[in-house]
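Taken in order, these protein sequences are the chains called R and V. With this note's numbering applied, the first sequence covers 621 to 1062. With this note's numbering applied, the second sequence covers 129 to 167. Don't be surprised by glycine CBs; every beta carbon is placed ideally from N, CA and C. In what follows, a structure is listed as structure tokens, so that the remarks can point back to it.
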Amino acid sequence: MNEEQALKKASAINLDEKTTSNLSGIPLAQKDLFCTEGLRTTCSSKILSNFIPPYTATAVKNLEDAGSVTIGKTNMDEFAMGSSNETSFFGSVHNPWKKEYVPGGSSGGSAAAVAAGIVPAATGTDTGGSIRQPAAHCGITGLKPTYGRVSRWGMIAFASSLDQAGPLARTSEDCAILLNAMSGFDSKDTTSLNIEVPDFLENINKPINGIRIGIIKEFNLADLDSKVQERFEESKKTYEKLGARFVEVSLPNISASVPTYYSIAPAECSSNLSRFDGVRFGYRAENTDDLNDLYIKSRSEGFGDEVKRRILIGTYALSAGYYDAYYKKAQQVRRLIKEDFEHAFESVDLLMTPTSPNTAFKFGSKGTQNPVELYLEDLFTISSNLAGIPAISIPHGLVNSLPAGLQLIGNFLREDQLLNAAHIFQKNSDFHHLKPDLEESQ
Amino acid sequence: MSIQFKTIVELRAMLDSKQISAAELMQESLGLAKKNMKN
Chain R
621 MNEEQALKKA
631 SAINLDEKTT
641 SNLSGIPLAQ
651 KDLFCTEGLR
661 TTCSSKILSN
671 FIPPYTATAV
681 KNLEDAGSVT
691 IGKTNMDEFA
701 MGSSNETSFF
711 GSVHNPWKKE
721 YVPGGSSGGS
731 AAAVAAGIVP
741 AATGTDTGGS
751 IRQPAAHCGI
761 TGLKPTYGRV
771 SRWGMIAFAS
781 SLDQAGPLAR
791 TSEDCAILLN
801 AMSGFDSKDT
811 TSLNIEVPDF
821 LENINKPING
831 IRIGIIKEFN
841 LADLDSKVQE
851 RFEESKKTYE
861 KLGARFVEVS
871 LPNISASVPT
881 YYSIAPAECS
891 SNLSRFDGVR
901 FGYRAENTDD
911 LNDLYIKSRS
921 EGFGDEVKRR
931 ILIGTYALSA
941 GYYDAYYKKA
951 QQVRRLIKED
961 FEHAFESVDL
971 LMTPTSPNTA
981 FKFGSKGTQN
991 PVELYLEDLF
1001 TISSNLAGIP
1011 AISIPHGLVN
1021 SLPAGLQLIG
1031 NFLREDQLLN
1041 AAHIFQKNSD
1051 FHHLKPDLEE
1061 SQ
Chain V
129 MSIQFKTIVE
139 LRAMLDSKQI
149 SAAELMQESL
159 GLAKKNMKN
């Protein structure tokens, strides 16, 4: 919580002053992966449990400069590694719709805070679906922008070529407001795009008559839960009524997305997390014999099991003799997946999939024996991270009293099209108005 | 009027029409956060 500073900043806001910002005086929550000056930033890990950064991440600073007020930080999977919020050192976030169910991850705390109506919006980060999947499981809207659209400076890195910050909110219109403030070139991030940022609200109400939406042939939706499938078909009909035309497209390499991601992401994670050594940041083990012992004990005691698993996989994938077989090969396949998307967007404006193969699941019911079971949660979301393109999840109804998400994937830098198509859907449906019964879910 | 479940657009309208001050909005939001943290 950032109570003292939040109240101080809010008290100083003079609403009589002419302001051009929609965010002036609006409370927001920040995923605890963004560095916030003077405010503890833990990445939900023991190893950073007492880390107070000396600076604020650009994405958060941009939002605060636009007048918003940070009320606190939100829980998440440790170092953003997880799809269920079960890997946090501080304990799991509960899904506001049903307490015994996961909120999704890794930005589960942000999604739950918005779904419970505590804040109208929050920040998240998305490396393989970590904004969109929790947005889907909590019945809200979440946008992963194009890689490079929002600065990564001050975000604690997981997989640097995949990580991207973005907004979670109740509506796509609110996501557009946040994206307007978050976006922009930042010289402190070498991957930040030095291009003009459009006003994402400008064309949000444009009719979508004639828009071409692709259905990816290789995702066999008939294998999904029948009710998830039913919701998807209903949403297709809604878009058809709004004038959209559906086209089947082939992305021949997309089935390799999950293994490609789980070679690249752990490799980058093993490199990024080597900085947490007990010397420079955070937790330091006691009673150590020498420097090497200090490294081993600090990292062994400071990291959780899932983080250790990914560091081990990544170190193996990058090691001499295996680099070509795993990391280099995965990067080559990644290129093919990116080219598949480029080819698809020659004939369609957007692609549409369910956000997740299922709705939220019960704590402890997935991935406890076999982590791959949980990795498959990201089946529909991972490929847009590999290709660096934007994607949004919007709520499109309930399945067994839990929210289901619909994903729209856009071409490079076409967040405007995504937000437009999502907003028109929301103007013609009321799924984003559904609220959890918080008393019943407790 | 409760601020819970309101969108940014709705809260902006409440602030601009002086139905609520920024300080009151913040207090309510912090109150909701504390309530849900306890639960």
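- Quick one: residues in its chain with C-beta nearer than 6 Å to the C-beta of residue 908 (chain R), no 5 flanking neighbours on either side, listed in chain order? Locating residue 908 (chain R) in the first sequence gives position 288, where the first residue counts as 1. Contacts found: 914 and 917.
- By a C-beta neighbour count over all protein chains shown, 10 Å radius and 16 as the cutoff for buried, is residue 705 (chain R) buried or exposed? On the first sequence, residue 705 (chain R) is found 85 positions in, with the first residue counted as 1. Buried: at least 16 other Cβ atoms inside 10 Å.
- Apply the 10 Å Cβ neighbour rule to residue 1063 (chain R) and answer buried if 16 or more other Cβ atoms are within range, or exposed otherwise. No information on residue 1063 (chain R) is available, as it lies outside the stretch 621 to 1062 that chain R covers here.
- Item | Cβ pair residue 970 (chain R), residue 1038 (chain R) closer than 8 Å | Position 350 of the first sequence, counting from 1, holds the residue named residue 970 (chain R). Position 418 of the first sequence, counting from 1, holds the residue named residue 1038 (chain R). Yes, the pair counts as a contact, with Cβ atoms nearer than the cut-off.
- Query: What number of angstroms, rounded off, separates the C-alpha of residue 654 (chain R) from the C-alpha of residue 775 (chain R)?
  - Reply: Within the first sequence, numbered from 1, the residue matching residue 654 (chain R) stands at position 34. Within the first sequence, numbered from 1, the residue matching residue 775 (chain R) stands at position 155. About 5 Å.
- Query: From which residue to which residue does the alpha helix (DSSP H) around residue 879 (chain R) run?
  - Reply: Along the first sequence, one-based indexing puts residue 879 (chain R) at 259. Here the alpha helix (DSSP H) through residue 879 (chain R) covers 877–892.
- Query: Relative to the C-alpha of residue 630 (chain R), which residue among V:159, V:162 and V:155 is closest?
  - Reply: The residue you call residue 630 (chain R) lines up with position 10 of the first sequence. With distances taken between Cα atoms, residue 630 (chain R) lies closest to V:155.
- Please confirm whether residue 750 (chain R) and residue 726 (chain R) have their CB atoms less than 8 Å apart. Along the first sequence, one-based indexing puts residue 750 (chain R) at 130. Along the first sequence, one-based indexing puts residue 726 (chain R) at 106. The answer is yes: Cβ separation under 8 Å.
- Message: To test your reading of the DSSP string, which unbroken beta strand (DSSP E) runs of 3 or more residues are found completely within the region 741–827 of chain R?
- Response: 741–745, 761–764 and 785–789
- Query: When we look at the beta-carbon of residue 960 (chain R) and count the other beta-carbons within 10 Å, is it buried (16 or more) or exposed?
  - Reply: As a position in the first sequence, residue 960 (chain R) is number 340, starting the count at 1. That one is buried.
- Item | Helix, strand or coil at residue 1055 (chain R) [DSSP, three-state] | Within the first sequence, numbered from 1, the residue matching residue 1055 (chain R) stands at position 435. Coil.
- From residue 1032 (chain R) to residue 768 (chain R), what does the alpha carbon distance come to, in whole angstroms? Position 412 of the first sequence, counted from the start, is the residue given in the question as residue 1032 (chain R). Position 148 of the first sequence, counted from the start, is the residue given in the question as residue 768 (chain R). The straight-line gap from Cα to Cα measures roughly 10 Å.
- Task: Please look up how many angstroms separate the CB atoms of residue 951 (chain R) and residue 884 (chain R), rounded, as I've assumed it's under 8 Å.
- Result: What you label residue 951 (chain R) is simply residue 331 of the first sequence in a count that begins at 1. What you label residue 884 (chain R) is simply residue 264 of the first sequence in a count that begins at 1. That pair is a contact at about 7 Å.
- Query: Which one of R:936, R:1014 and R:664 has the shortest CA to CA distance from residue 789 (chain R)?
  - Reply: What you label residue 789 (chain R) is simply residue 169 of the first sequence in a count that begins at 1. The candidate whose alpha carbon is nearest that of residue 789 (chain R) is R:1014.
- Pair within 8 Å by beta-carbon distance, residue 817 (chain R) and residue 743 (chain R): Here the question's residue 817 (chain R) lines up with position 197 in the first sequence. Here the question's residue 743 (chain R) lines up with position 123 in the first sequence. Contact flag unset, no.
- Task: Kindly indicate the opening and closing residues of the alpha helix (DSSP H) around residue 834 (chain R).
- Result: The residue you call residue 834 (chain R) lines up with position 214 of the first sequence. That residue, residue 834 (chain R), is in no alpha helix (DSSP H); its beta strand (DSSP E) goes 832–836.
- For the alpha helix (DSSP H) that contains residue 849 (chain R), what are its first and last residues? Indexing the first sequence from 1 puts residue 849 (chain R) at position 229. Residue 849 (chain R) -> alpha helix (DSSP H) spans 846–861.
- Item | Cutoff 8 Å: residue 129 (chain V) Cβ touching any chain R Cβ | Taking the second sequence and counting its residues from 1, the one referred to as residue 129 (chain V) is at position 1. With 8 Å as the cut-off, residue 129 (chain V) does not count as an interface residue toward chain R.
- N-terminal and C-terminal residue of the alpha helix (DSSP H) that residue 1014 (chain R) is part of: For this step, residue 1014 (chain R) is matched to residue 394 along the first sequence. Taken as a continuous stretch (DSSP letters only), residue 1014 (chain R) belongs to no alpha helix (DSSP H), being part of the beta strand (DSSP E) at 1011–1019.
- Message: Quick check on the DSSP output: the alpha helix (DSSP H) that includes residue 1045 (chain R) runs from which residue to which?
- Response: Start at 1 with the first residue of the first sequence, and residue 1045 (chain R) comes out as number 425. Where residue 1045 (chain R) is concerned, the enclosing alpha helix (DSSP H) stretches over 1035–1047.
- Short check: CB of residue 136 (chain V) to CB of residue 794 (chain R), under 8 Å? Here residue 136 (chain V) refers to the residue found at position 8 of the second sequence. Here residue 794 (chain R) refers to the residue found at position 174 of the first sequence. It is a contact, given that the beta carbons lie within the stated cut-off.
- Residue burial classification, residue 988 (chain R) (beta-carbon count within 10 angstroms, cutoff 16): The residue labelled residue 988 (chain R) in the question sits at position 368 within the first sequence. Residue 988 (chain R) should be labelled exposed.
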